[in-house]
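Read through the structure below, which is laid out as structure tokens, and then see the notes.
Protein chains: 4
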Amino acid sequence: MDKPQEECGVLGLWSQAPLDVAGLLHLGLLALQHRGQEAAGIAVTDGKEFLVEKDLGLVHQVFTEERLGRLRLPGARMGLAHTRYSTTGSNLRFNAQPLTARTAHGVLAIAHNGNFVNAKPLRDRLLQEGATFQSTSDTEVMLLLLARLPHLSLPEAALEAMRRLEGGYSILLMDRKTLLALRDPHGVRPLAIGKAPWGYAFASEPPALALLGAEYLRDVRPGEVVWVEEGELQSLQALPPNPTPCAFEWIYFARPDSLLDGTEAYAARVRMGEELFREAPAEADMVVPVPDSGIGAAIGYARASGLPLEYGLYKNPYAGRTFIQPTQELRDLKTRLKLSPTSAVRGKRVVLIDDSIVRGTTSRHIVALLKEAGAKEVHFRVSSPPIRFPCYYGIDTAARKELIAAQKSLEEIRAYIGADSLAFLSEEGVKRAIGGPVCLACFNGRYPAGVPEEGEKLALELL
Amino acid sequence: MDKPQEECGVLGLWSQAPLDVAGLLHLGLLALQHRGQEAAGIAVTDGKEFLVEKDLGLVHQVFTEERLGRLRLPGARMGLAHTRYSTTGSNLRFNAQPLTARTAHGVLAIAHNGNFVNAKPLRDRLLQEGATFQSTSDTEVMLLLLARLPHLSLPEAALEAMRRLEGGYSILLMDRKTLLALRDPHGVRPLAIGKAPWGYAFASEPPALALLGAEYLRDVRPGEVVWVEEGELQSLQALPPNPTPCAFEWIYFARPDSLLDGTEAYAARVRMGEELFREAPAEADMVVPVPDSGIGAAIGYARASGLPLEYGLYKNPYAGRTFIQPTQELRDLKTRLKLSPTSAVRGKRVVLIDDSIVRGTTSRHIVALLKEAGAKEVHFRVSSPPIRFPCYYGIDTAARKELIAAQKSLEEIRAYIGADSLAFLSEEGVKRAIGGPVCLACFNGRYPAGVPEEGEKLALELL
Amino acid sequence: MDKPQEECGVLGLWSQAPLDVAGLLHLGLLALQHRGQEAAGIAVTDGKEFLVEKDLGLVHQVFTEERLGRLRLPGARMGLAHTRYSTTGSNLRFNAQPLTARTAHGVLAIAHNGNFVNAKPLRDRLLQEGATFQSTSDTEVMLLLLARLPHLSLPEAALEAMRRLEGGYSILLMDRKTLLALRDPHGVRPLAIGKAPWGYAFASEPPALALLGAEYLRDVRPGEVVWVEEGELQSLQALPPNPTPCAFEWIYFARPDSLLDGTEAYAARVRMGEELFREAPAEADMVVPVPDSGIGAAIGYARASGLPLEYGLYKNPYAGRTFIQPTQELRDLKTRLKLSPTSAVRGKRVVLIDDSIVRGTTSRHIVALLKEAGAKEVHFRVSSPPIRFPCYYGIDTAARKELIAAQKSLEEIRAYIGADSLAFLSEEGVKRAIGGPVCLACFNGRYPAGVPEEGEKLALELL
Amino acid sequence: MDKPQEECGVLGLWSQAPLDVAGLLHLGLLALQHRGQEAAGIAVTDGKEFLVEKDLGLVHQVFTEERLGRLRLPGARMGLAHTRYSTTGSNLRFNAQPLTARTAHGVLAIAHNGNFVNAKPLRDRLLQEGATFQSTSDTEVMLLLLARLPHLSLPEAALEAMRRLEGGYSILLMDRKTLLALRDPHGVRPLAIGKAPWGYAFASEPPALALLGAEYLRDVRPGEVVWVEEGELQSLQALPPNPTPCAFEWIYFARPDSLLDGTEAYAARVRMGEELFREAPAEADMVVPVPDSGIGAAIGYARASGLPLEYGLYKNPYAGRTFIQPTQELRDLKTRLKLSPTSAVRGKRVVLIDDSIVRGTTSRHIVALLKEAGAKEVHFRVSSPPIRFPCYYGIDTAARKELIAAQKSLEEIRAYIGADSLAFLSEEGVKRAIGGPVCLACFNGRYPAGVPEEGEKLALELL
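Written out as structure tokens, the structure reads:
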């Protein structure tokens, strides 16, 4: 998919009494599936047994009835879960999360959304000290740091590890007794706390809490460590907060119904569309969203402009799940499988709304589809600025040389995608729509939470 | 799903030169997946070998890479495919289509959308004459009739069989040489003809033709038999046409981008929304569609009323693919998995738009969700009349006693679903929006193509 | 495997009270797995529902826990089962048995071991009369004949069908009420009757009866139809008996512990070894069986000769279940996977005993293995005559041109397999060891139950 | 199965030029399948990529075509493989071998047959120093020790680790460059070296070498570390040798055709049978082996006694692969599935030969089968002494309280199994048959290579 790829969703729960922990986490993971489609995992414990199941695949592929059955401990009261976008091939099954390790703290499991920018130098030092790693994931460095602090309690050890780690991260961590939630001092990735009749839950986005039967309480604060002790929510402000949450969560990643740091994604998207019309109006007959990512901004643009909204592109919900033999004959036809235009666009001047452009290939294809279906003009409007820089905090935006906005001018992009006009929303427009300080590093290269020394996110792969 | 269930989609192609027939049909089936999600099948031939693969499941479940590979005949030039909604359990694998039989005509394969209302008396007579059946599907009766006419050509035999069969049906049929397309005299189910550089194709809906690389040529006419002979499209008007195509194709079943008998589904849906506002306006702050089925009518209603359209319900695209353990605890939470409201509805008077109401359970659930999310009022508007009668022509509308509109008054329905007001579009409104004669039997009980003697669609099951 | 391939095993049971029919038949099928390894199936009924599960593969591959679960009817009292050696590829899944058909008798299921030599002319006539076939199996002709006799009871119709069919066959047949067992007038294939506390059972070989908890009662007589009526075993001598059971059942096919028409296979094999020594003694140091098929005869040969028996060839029980990539490198090594010699043969003169030679390739490989392991001489002794003719009664002996004994003289065979001497048991020796009239057609070309007109067993394939 | 369970087989190869490493190791594993049936794994490297595939199941279940395909590196020159008998449930997938770790030496993989008796104290100390473990296997302690020696070469580090580890073990170890083979100073478990045209191979038993195309060169010596450097086999006598190889390898575990420390298993088994007759003759009519484990000793007993050998028990090769529903009805019948008697035993006095008795349940069942089949007397002879003590060096003999010989007198055992007489071979008899010093700890409790402090093999499970 020609969209930035979120790297993960995390989810966890702590209950006072035995519960169908695996069943609830499985249900909740389905509400976080959009945050990562390449691997999924669940860990549960009843205080004695500690079970983990994880594999490459979508949640419904990994968690067959049989596999879920293996996780059902009658006395289970705690667990955590993860859904992952992994950047490489099938042989990286060992990077699926939760990661676990048997340490002096007992068994630990960790689920992580984000990236540590100083993972490589930390890992190199640990290796020289005799450490063993099971994965090439930066997440494992956190586990190793905890194992090296056997005389601290788990919350204290987590606080100490946060002092040594840099980057953007939201983390859930558990041993046989305690469930912890950690968020980096910039709060780059979201992490919400929920209160349920049976206890507490944590999730990347509040709608996943609802599926556990928990009510949204508040967000974990930037720099905070939260955990449950004797049924009470405990908190430690590990590091001073300096909030710059990722703007892309509101632009594209988060579900429309997610409330993040006080602002709902759908509302922000509608406002981005309104801002976009103010910055870049177009003479046209209708507004057409690219489904489903452009719907919120298209509603805003239509509302601000007074132009009619038309559902001019049909998205086949069954496309993309299937195997297509890569013959040239079929590949050419396959591009028509996912999206197809309705006749509403025939003879019309269309404002086409999408949330972002990465490589430009899909945008080019959609403009061509509309023209072929008889659209007289296509005015492409994008509800975020051009993506020109890599993200080091948990998003895969594609390599720099593949980012069309890092390689071409606005006019060159317009010509490439074949639109009659093209405009992006400004950084100011994004900030106004969201209404607070945000990380815009992928647009402007200003990284609030550090960058890797080597400027290379995946340097851990080659041990 | 609390929606009427279409029974089938059909697809076939004839090529002058060898082609990746299985690959193309597989691709095209994905464009017809919405017409049937319980079984899928493909038959191909190169004039000598005749291969069939079919099973219960979605297209992407049935057609794994391995299974598709088994169908790839190097010299294949012809094939047909089917996607099915079957009404009963897993042991009815033998009813998956295409059905085949080895007869005096050689091997025959058939794919069928619709129902024969006189299947049972015909089958009883055939059995007394020594016939053997492999399935409990009414479709097989057509195969048996053809086998009994060994001295006619296949088009002549098909014409003769059509004279004996009553009901609403669109059928594709092939032997090792010829591909035929048949449509009943009322044209109840759709069937389109496409022209490709390599030959001809037939499909329930035109967007499937596009995926085969074929252009929409025209519809098969009610009562017509069409086939390809020496590269030329041949036609026989088997029975006099008396067109009353099914209104539900435009209301809900067909893809929005499908052109059926001259009218596009999306355009008809927008007009239904406009008619609905004219018939049943509401004092409100916004129009919210039930995604995705209510989107077209909501756009029409919003446009006609001048009220803002809001995407107030988020539909999780990953819901419904997964196994959920049926504990009470999880079942209650699962209802939140599929749909969840955005904050746009808080404190607002909402016009909620859906295309139809069958049992009312889902409608009741959605109204409750909106109220819980803070909607002040919910005015439910339905872009079709109340469903009160069973369909005998290929749709499963649920048993009569489950149809809420067959059991309750308008006011009782409103009270059950918890809406502040409720209105359905009139039959006249539907006809105006579609613009021609249509079958409205499920609304008014007037059946243009006959009814079964016993008034019982599934009487074949119990042989 | 370079052995003649049995085509089938059949199994059925009738109980007065509900029973775990599917579970019992599954267990019993495992005792008949040696009779067919390419497909397996079970049909069960409770008098109302009629369920069938079948597929290509071994019994344990076809009958997963889930699939067996689908067959468990709480009130089931009757069922039949089949294990098959099919002669062609994966697309012939439709030939797996039990075959079923819905007829004027209701649903019928059939399981068949053997072949009808006049299937083709019968089928051609039925097709001209409007019949439809679902498979290319000769077995289906029997079902069609029964369907054409709607006014007879099932036993009467079976008798009538037997009058029209020629060949060697043992058949189990059932509708929702009655279970029938049929054996051709020559009794070519075995079929045994068992009596259990709950009712009656039928099986190709008695050890399968033991696994159902039934005691061996007697064999079905050649030309007899047996069925259960009101709890009583009923019998009809349909055709006059003329017994010539297949000698290969004793030579190789049947389990050693099977009692067939009064003679146990193991005892007959030991006697064949004793006869073989008398006909063809050898100057040697030890007798080595080819495991497992040569063990019985080797014991007889060693006993008669006074030479020590040595287990000089180890057979790996895990070979043959796995996928081996067909590179030349691995193929060469793979031949060592199945059999390997022990050091007992080093420096010795070995009498190597096998039950038969088909193509000679395996024999040649084994002789080479022994010589490589240091055997000074290898005297090959075969406990049956040379196979020179095809079987038309249910065994696949390989095509005539592949039969080494149909192509080469004794001395040429000896030279090809590299033995120092070679001898086969005589037809008289076989008859003495078994002790009654037997079919020896594959050795001498004298066919007691007719031959196909076209001399072509698989002529049905190409409809 | 009521037999002692071997814990593992190991296999590895080093080649000068690229080779189908995964294909060869897979083939070779099939020759070691008898050493462990619960998990299998293969690791391969081309000097850069390092791939591992492993899972619970038999070799043919784990290594599907697809999974084997994932291991095929074009430039692969080295790899190792493992087949495992794991002592606990399905959630212990993480204990499947090869185990791997990323260390300062780079990636390491290890495959292990045997046990370290001091694993627990070593692990506890490592944990206090901050180590992380991925499994509950004692094997991982070796990996951790190696990781702590980053400044030594891998052979030097292995030698140093061997100084700290006690117990009985044969180990293969590799990084991206070097393949090492280690054997404990008592040589408890076997380990053979092979020479192939392309390089060197190591395997638990020589027949696996033959499947790689390698010739048996010699055994790894007790206390030796062997590895390949610049194409030359290098060796280090790490610890002084004190050979006491496990007697059970010859009694039961090893394949009959395996040459272990100079003595072939089949020959030793025949001699055990001969010794057994000398120690415990019986008045009888025939000798019947329990297939397949009693065959060698039965041949020896028959030869020494002059009594005829009869293949009086048929072993169904298809039993045991299938799922049997655990209803009482079927469980009772299932015991007949695996073994059934031939009529040879009717009216006879039988000497029944097996290699060992663990719980006695199977022995009791077999005696009952023979009596039911008409055997007049059954004289049970066992070709090894009574098992009374647990093994700490890699064999699972069942818990002490389940060992019938640890709980009952000879006469009580005889009465329990229902034999007319019973005798076991003496320790002296075993030693004479094998011909050298052997470990007999499971018979006499004298442990040559130490015992765990806690006397508890699985103490690692509960971290």
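Chains as they are written, first to last, in UniProt numbering: chain X, 1 to 463; chain S, 1 to 463; chain H, 1 to 463; chain C, 1 to 463.
Glycine is no exception: its CB is placed at the ideal position from the N, C-alpha and C atoms.
Simplified DSSP assignment, three categories, for residue i
i       : result
K54(X)  : strand
V290(C) : coil
W198(S) : coil
I387(H) : coil
L458(X) : Residue placement at L458(X) is flagged as unreliable, the pLDDT there being 45, under the threshold of 50; the coordinate-derived value follows with that caveat. L458(X): coil per DSSP, three-state reduction.
Y169(H) : strand
F63(C)  : coil
N115(X) : strand
R255(S) : coil
T88(S)  : Here the model assigns T88(S) a pLDDT of 45, short of 50, so the residue's position is not dependable, and the following value carries that caveat. Coil at T88(S), not helix or strand.
I366(H) : helix
A405(C) : helix
Close Cβ partners of residue i (< 6 Å) along its chain, the five nearest in sequence each way excluded
i              : result
A282(H)        : V351, H379
residue 498(S) : The structure shown does not extend to residue 498(S), since chain S spans only 1 to 463, so no value can be given for it.
G187(C)        : P222, P243, P245
D257(H)        : P207
Residue environment, residue i, which counts as buried when at least 16 other CB atoms sit within 10 Å
i       : result
S137(X) : buried
E66(H)  : exposed
P452(S) : buried
L410(C) : exposed
Cβ-Cβ separation, residue j to residue i (assumed contact under 8 Å), whole Å
i       : j       : result
S343(X) : A267(S) : 6 Å
A208(X) : L11(X)  : 6 Å
L173(C) : L333(H) : Between L333(H) and L173(C) the Cβ distance is about 25 Å, and since that is not below 8 Å, they are no contact.
P206(C) : L259(C) : 5 Å
V225(C) : A158(C) : 5 Å
Proximity test, residue i beta-carbon vs the ligand PLP heavy atom, cut-off 7 Å
i      : result
R70(S) : No copy of the ligand PLP appears in this structure; indeed no ligand is present at all.
Chain A within 8 Å of residue i, Cβ atoms only
i       : result
G199(X) : Included in the structure are the protein chains X, S, H and C, with no chain A among them.
Own chain partners of residue i with C-beta closer than 7 Å, once the 5 adjacent residues on each side are dropped
i       : result
F116(C) : D138, V141, L165, E166, G167, Y169
L154(S) : H105, D175, T178, L180
K195(X) : A214, E215, L217
Cut-off 8 Å between Cβ atoms - residues of its own chain near residue i, not counting five sequence neighbours on either side
i       : result
A161(C) : M142, L145, L146, L149
Whether or not the segment 422-435 of chain X and the segment 272-281 of chain X are in contact is what I'm after, with contact meaning three or more pairs of Cβ atoms, one per stretch, closer than 8 Å; do they touch? yes
Inter-stretch contact at 8 Å, needing at least 3 Cβ pairs: the segment 34-45 of chain H / the segment 235-242 of chain H: Three or more Cβ pairs closer than 8 Å define a contact, and the segment 34-45 of chain H falls short of that threshold against the segment 235-242 of chain H.
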